[in-house]
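Residue numbers (our numbering): 2 to 140.
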């Protein structure tokens, strides 16, 4: 599974604590993140994460490009709804793309935990079918 982590500044500690708590679940998956969030996770865990640019510098859009191609399987995006974000249009575009492609998206710690528990149980096996039957993919 391809999993992305994104966290606004005031949510980064929460993200690090969350990923640390579920490090064993995330092992063995392909992990992605925006720049600073990924750096902080890697400093506190043994996970290897492909880091994109910082969110305000285009990292949200880089992850969004993978979502648009249905190449992302799960996104945990701990948003700060009480702080205005200078790149709000990018954030909204990413959320919209997740809805268009049917990509599971957790935007708070409660939803993120439900998604990770489902991941641990194997409830996202249906994503393998999405990849198998994508247009242009030969069997």
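Cβ atoms here follow ideal geometry from the backbone N, Cα and C, with glycine treated the same way. Just so we're clear, the structure is a prediction, and the values are computed from it rather than from any experiment.
Here residue 8 is bridged, per DSSP, to 79. Proximity of the segment 40-47 to the segment 12-20 meets the contact definition, three or more beta-carbon pairs being nearer than 8 angstroms. In this structure the segment 83-100 does not lie against the segment 112-123, because fewer than three pairs of beta carbons, one per stretch, are closer than 8 angstroms.
When 60, 70, 19 are compared, the shortest CA-CA separation from residue 104 is found for 70.
Distances from the CA of residue 114 to each of 8, 22, 3 were compared; the closest alpha carbon is that of 22. Partner residues in the beta bridge of residue 51, as assigned by DSSP, are 33. The C-alpha of residue 18 is placed about 14 angstroms away from the C-alpha of residue 26. Shown here, residue 123 sits in coil according to DSSP, grouped into three states, outside any helix or strand.
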